[in-house]
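Below is one structure, written out as structure tokens; the observations come after it.
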Amino acid sequence: MSATTSPPAGATPRYIGQAVARKEDPRLLTGQGEYVDDLSLQGMLHVAFARSPHASALIRSIDASAAKELEGVRAVLTGADLNGDAHEMKSSYEVLIGSVGPVLEPLASARVKYVGDPVVMVIAESRAIAEDAIELLEIEYDPQTPVIGYETSLANETLVHPEMKTNLASVLTSEPDPALDRAFANAVHIVQETIRQHRYINVPMETRGLIASWHSGRGEMTFYSATQLPNEFRTFTTRLLAIPENKIRVIARDVGGGFGQKAFVGREEAAVLLAAKRIGRPLKWIEDRWENLVSANHAREELVHVRIAFDADYRITAVFCDHEEDIGALPASGTSLTTGQMVGMMFPGPYKIPHAGYSTKMIWTNTCGRLPYRGPWMMETVAREIMIDIAARRLGIDALELRRRNTITEADMPYTSATGMSYDRLSIDRTLEKVAAGIDFEAFRIEQGEARAAGRLIGIGLSHLVEPTAAAGGSFGIEVANIRMQPSGYVDVYVGTGNHGQGTETTMAQIVADTLGIEYEKVFVHDGDTDMVPFGGGSGASRTAVLAGAACHAAGAELRGKIVQLAAHYLEAAPEDLEINSGKISVRGTPTHFLEMTEVAFKAYNDSPSLPPGMSPGLEATARHAADGITFANATHACIVEVDPKTYRVKVLRYLVSSDCGVVINPAVVEGQIAGGVIQGIGGVLFEHFAYDENGNPLTTTFMDYLLPTAADVPTIEYAHLETPAKGPGGYKGVGEGGAIASPPAIVNAVADALGMDLPSQPLSPSLLFAMVNRAPTS
Amino acid sequence: MKCAPFRVELPSTVDEVVAALVEHGEDAKILAGGQSLIPMLAMRLARFDVLIDVHHVDGLASIQLDQNTIRIGSRVRQSEIERSDVIKRHLPVLAEATALIGHFQIRNRGTIGGSLVHADPAAEYPAVALALGATFEVTGPAGTRVIPAADFFLGYWTTALTDDEVLVAIHFPIPEGKRVGMTVKEVARRHGDFALAGAVASIGLDPSGAIVETAIALFSAADQPLRLTEMEAALTGHSPDSLDIPALSAAAAAGLAPGDDLHGSADFRRHLFRHLIADVAAEAITRAQEATNV
Ligand SMILES: Cc1cc2nc3c(=O)[nH]c(=O)nc-3n(C[C@H](O)[C@H](O)[C@H](O)COP(=O)(O)OP(=O)(O)OC[C@H]3O[C@@H](n4cnc5c(N)ncnc54)[C@H](O)[C@@H]3O)c2cc1C
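Those sequence lines, one after another, are chains A and B. Taken in order, the first sequence gives residues 841 to 1619; the numbers are from this note's numbering. Taken in order, the second sequence gives residues 586 to 879; the numbers are from this note's numbering.
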């Protein structure tokens, strides 16, 4: 299929590009969504976990006798009881790229490695009783000195995993490059700084959870899961339980967000599956907020030592990105290697940089493990964009001008970055100019001067990114669509995605409706039930529009071809003379001579003698689309903030995003994706911080201390879309993660501009800002 | 995060509440709005076998205006205080303080008595009660006694109330016919959060405009609400124009030893107090000057 903004063959796009009402909204907005905790099975029991109170300790003994005696308790299982049932605890990603670190066990058996590590599983008639029983457990620990703080843990003799003999999980460095060294040697200016970000986390509204039900007669495991990747959860379970994949059914009804957290089967979830099979009663585990905060996953605690070389005209001649990240004790199976490399490869981002090098280290500590969080490699944009502003300040050049001078332009396309990323059909210079105009930089500088004179601190920040979308490998690089027009003329679309808030039911229906030439109201998209949908990667990595969208185009085109052929047969016309509009198939130019699509559908299933010779009955098509490399997208963010000089509270006054995600399927969905990400950035920079004390005790275990941004902290976000179609089917690019990637540096840069000082570390909480301002004299 | 099992008793008189407290001793706790107690039970930071629910107890839920006091029943909801015409007219600072407590959903359940007995050092009401010289009407097995606010708060979540006593009402003196200005201000991380630093001031002027009475109380400054007696003394007896309030506030703030945590270092809190103390003092003076009820 060619690169085009219009749907295929004939029909005019009626739905693509429109903010049609979301199909999922009536149920979600009226409280009728069905999340794990809304479901209940006959005979179901409830699970709670006893978790480690120590960051590092040996488990000496567990006495569960009193807990087992409590009325209503059905089973108490330790690692010794349960772990042997687990055949293999590996994600498909880990199978693909190999393992780093120790083999995961469902329950910690000998050693606990972070506060929150699950140790004992209690199964009872209610969650409250299970929690009562936990209080009766006697677990004797032998506390060990924990490894806390990734910046010092490599020099630490104490080990997170003694058997690994090091706290360095992985290290990757770009090839030695003499040209890079020469560029630094010949630089007119070199700016260097260490940019740090702090631990902040996914916090989906629905926590992790599942209901697992084992049918021993059929040998079947059915589980309702809050998952982003239903099929991956099924494949994982086949390895875990060593039963045929066919005997496993994963059902995700509505899922309340994930942002990467629900892309890997957690150890607790594995324990529930194992126990459900053993006990033979349905088991529900729904994580409470404390558990979700301390043990679901963490992210973003990392730094980059950045070096940038400039020539006399402030053109960047070389960069080096030296990255280190805290991955906690037990990070997601498989991902600890690859995201660090992505940080290095994406570091040049939107700028024309002839030479680039990187190094990345992933480091274990006795804290909750790292998992992907919306834009898992986003430190490249955070470090680079904060650094561009620091360089501008130090070199005495305007930050917008510095970006303009170095930005890759449309004339440069196609462009291959110094790290080998091939960009095409990007509008990097245009989003920058859109934002510069929309926020009116020049006018702002005047306003800022006046405000300063009046004792007000306002500042502006920019952030510029190239977003690798649909970039992940493995099953994440492939998606499927199976489209069936039923005898009634209604259409079912089965995709392998795991919609958890992205509006997939809407956007895929828009594509299929346009591709087939029928009404949006007649198209229903299904995902999230492995008995219903073919194998597909799921939802994550900004992949759905690009890959599921392409699969929908391909399957839709095939099905449309068959419908047209069939109609041509009945209308006694040539297929190429037919057109479809609003569910009517007619000969072009004679709109009165038509067939209703419903008639064709009915005959396809009910009247096989009438079919053309050789044509199979029914109307169904399936297509799988494999990613053709990475689909890059680009965006520029601008933000204006005010810092209160008394309270050091930061208020975001304006936020403008110009994003080019190729063809926009649904502007409301695209804006929702961007807004959600931007709000996570506002939260991350100004409010959210998952903190530990020096002994590895978590300090922010409720929403009283882990502060999420509220509606009052978020401005109206403004948008200025550009649409430069990608070369793939439909012309779509992903847009799921860019909002969360580009917003943190835009906010940091705005605050730094307001204060007139470098801000290389976060969060920018009032207390920390106060400390930074009063430590460093302002320039 | 589920509560351990407990039983609920529903007494209908203050005497029955006291009897239940006597009977169950430290296994029992009074349940008012539940906004502090229930989260502690759910997180299993506390455990009680019996909760004595005071929602059906007569006489705890009214706001009464006497000549020189407002008597507020301990079970009066925070949201009722916020909306009460009597309070808005005679003690507006209490309504202002209420609006700073959490979010409206919390104020719809939370009670004034629960907040005062819970005695969180970051809470608004205890500091307001201290600044305004409120008194606490408390009933126990030996009958009813009255505890002045200055004697009521003893430390983190600790009051002079004994295990077998119930807080029945709080009496706030009202400055009828006096030229008094009152105000409250705080700084929190987000709207609705507990204050990082907060201050209440009540300042009275004589007909010549000189300060004749001063009360400044802080919250989130120590383990309990704190009166700034030195600064109060420095203000009283002087005409506002002759005072360097920012300097006095800076001196008062410098002497504080507030908590030091993730949300606010002690230095930062002192910085906030310096501004807050100056701001509440200045505003209370302005309000007193504008007061028409001379
Ligand atoms: C998200 C959130 C934010 C909050 N923010 C703030 C804030 O900014 N500022 C603030 O001040 N508070 C805040 N609170 C706490 C809130 O004000 C509580 O309502 C209040 O502290 C307790 O009142 P209650 O009626 O709910 O009491 P309960 O929770 O029912 O009881 C609290 C304590 O008081 C005792 N008690 C209650 N009534 C009596 C009585 N009559 N006699 C003797 N003992 C009694 C109980 O036994 C218990 O020990 C917040 C709460 C939440 C959940």
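Glycine residues also receive a C-beta, built at the ideal position from the N, C-alpha and C atoms.
- [ ] Taking C-beta pairs closer than 9 Å, name the residues in chain A that B/M767 reaches, listed in chain order.
- [x] Result: empty, since nearest Cβ-Cβ is about 21 Å, beyond 9 Å.
TODO: Please report how far the alpha carbon of B/E761 lies from the alpha carbon of B/H675, in whole angstroms.
DONE: 8 Å
Open item on the list: I want to check one thing, is the minimum distance from the CB of B/K614 to the heavy atoms of ligand 1 below 7 Å?
Closed with: yes
Task: Close Cβ partners of B/N555 (< 8 Å) along its chain, the five nearest in sequence each way excluded - done: Outside the shown range of chain B, which is 586 to 879, sits residue 555 of chain B, and nothing can be said about it.
Task: is_contact[A/A906, chain B] using C-beta, thresh 8 Å - done: A/A906 does not count as touching chain B.
Open item on the list: At a threshold of 7 Å, does B/P624 count as lining ligand 1 (C-beta to nearest heavy atom)?
Closed with: yes
Task: Unbroken alpha helix (DSSP H) run spanning B/K673, endpoints - done: D670 to H675
Task: Three-state secondary structure (DSSP) of A/N1322 - done: strand
TODO: May I ask you to check if the CB of B/A617 is nearer than 7 Å to at least one heavy atom of ligand 1?
DONE: yes
Task: Contacting residues, own chain, Cβ-Cβ under 6 Å from A/A1082 (five flanking each side not counted) - done: H927
- [ ] Could you work out which residue in A/G1574, A/P1431 and A/V1588 is closest to A/H1477 when comparing CA atoms only?
- [x] Taking only the C-alpha atoms, the option nearest A/H1477 is A/V1588.
Open item on the list: Could you check whether the Cβ of B/V678 sits closer than 7 Å to any heavy atom belonging to ligand 3?
Closed with: In the structure on display, ligand 3 does not appear, and the ligands it does have are ligand 1.
Task: Close Cβ partners of B/D864 (< 6 Å) along its chain, the five nearest in sequence each way excluded - done: K770
- [ ] Counting only the same chain and skipping the five closest in sequence on each side, list residues whose C-beta sits under 8 Å from that of A/S949.
- [x] I899, T918, G919, A920 and N923
Open item on the list: Just to confirm the assignment, what range does the alpha helix (DSSP H) spanning A/M1004 have?
Closed with: Per DSSP, A/M1004 lies in no alpha helix (DSSP H) and is assigned neither H nor E.
Open item on the list: Can you look up A/Y1572 in the DSSP assignment and give me helix, strand or coil?
Closed with: strand
TODO: Using three-state DSSP, classify A/G1236 as helix, strand or coil.
DONE: coil
Open item on the list: Considering just the uninterrupted stretch of the alpha helix (DSSP H) at A/Y1064, what are its terminal residues?
Closed with: Where A/Y1064 is concerned, there is no enclosing alpha helix (DSSP H), although the beta strand (DSSP E) it sits in stretches over E1060 to S1065.
Task: chain B contacts from the region 1507-1536 of chain A (Cβ-Cβ distance under 8 Å) - done: Answer in chain order: F1527, H1529 and A1531.
- [ ] Would you list the one or two residues that DSSP bridges to A/S1426?
- [x] Beta-bridge partners of A/S1426 (DSSP): A/E1419 and A/F1434.
TODO: Taking A/A1251 as part of the beta strand (DSSP E), name the residues at either end of that continuous run.
DONE: Element bounds for A/A1251: n/a, residue is neither H nor E.
Open item on the list: Contact criterion: CB-CB distance below 8 Å. Does A/T1618 meet it with respect to chain B?
Closed with: Summary for A/T1618: the model assigns pLDDT 45, below 50, so the residue's position carries little reliability, and this model does not support an answer.
TODO: Return the residues of the region 843-857 of chain B that lie within a Cβ-Cβ distance of less than 7 Å from chain A, sorted by chain order.
DONE: L847, H848, G849, S850, F853, H856 and L857
- [ ] Check whether the Cβ of B/S700 lies closer than 7 Å to any heavy atom of ligand 1, and answer yes or no.
- [x] yes
Task: Classification of A/K1005 by the beta-carbon crowding that lies within 10 angstroms, buried from 16 upward - done: A/K1005 should be labelled exposed.
Open item on the list: Within 10 Å of its beta-carbon, does A/M1612 have 16 or more other beta-carbons around it, so buried, or fewer, so exposed?
Closed with: buried
Task: Backbone CA spacing between A/L1547 and A/L1133 [nearest angstrom] - done: 12 Å
Open item on the list: Quick check: does the Cβ of B/T705 come within less than 7 Å of any heavy atom belonging to ligand 1?
Closed with: Strictly speaking, residue 705 of chain B in this sequence is Asp, with Thr absent from that position. Yes; taking the cut-off as 7 Å, the Cβ of B/D705 has a heavy atom of ligand 1 nearer than that.
Task: Supposed contact pair B/V639 and B/L606 - C-beta distance, whole angstroms, cut 8 Å - done: Actually they do not touch by this definition, with Cβ atoms about 11 Å apart.
TODO: Please say whether A/G1168 and A/H1145 have beta carbons closer to each other than 8 Å?
DONE: no
Task: In chain order, each beta strand (DSSP E) run of at least 3 residues that lies wholly inside the region 1138-1213 of chain A - done: Within the region 1138-1213 of chain A, the complete beta strand (DSSP E) runs of at least 3 residues are 1142-1150, 1156-1166 and 1195-1203.
Open item on the list: Please tell me whether, using a cut-off of 7 Å, the distance from the CB of B/S621 to the nearest non-hydrogen atom of ligand 1 is below it.
Closed with: yes
Task: CB-CB length for A/G1301 against A/C1479, believed under 8 Å - done: Rounded to the nearest angstrom, the Cβ distance from A/G1301 to A/C1479 is 5 Å, consistent with a contact under 8 Å.
TODO: For A/P1374, collect the residues of the same chain with a Cβ closer than 7 Å to its Cβ; drop the 5 residues on either side in sequence, then sort them by chain order.
DONE: V1320, N1322, Y1334, G1336 and T1462
- [ ] Decide if B/H860 is buried, meaning its Cβ has at least 16 other Cβ atoms within 10 Å, or exposed.
- [x] buried
Task: heavy atom of ligand 1 below 7 Å from B/D634 C-beta - done: no
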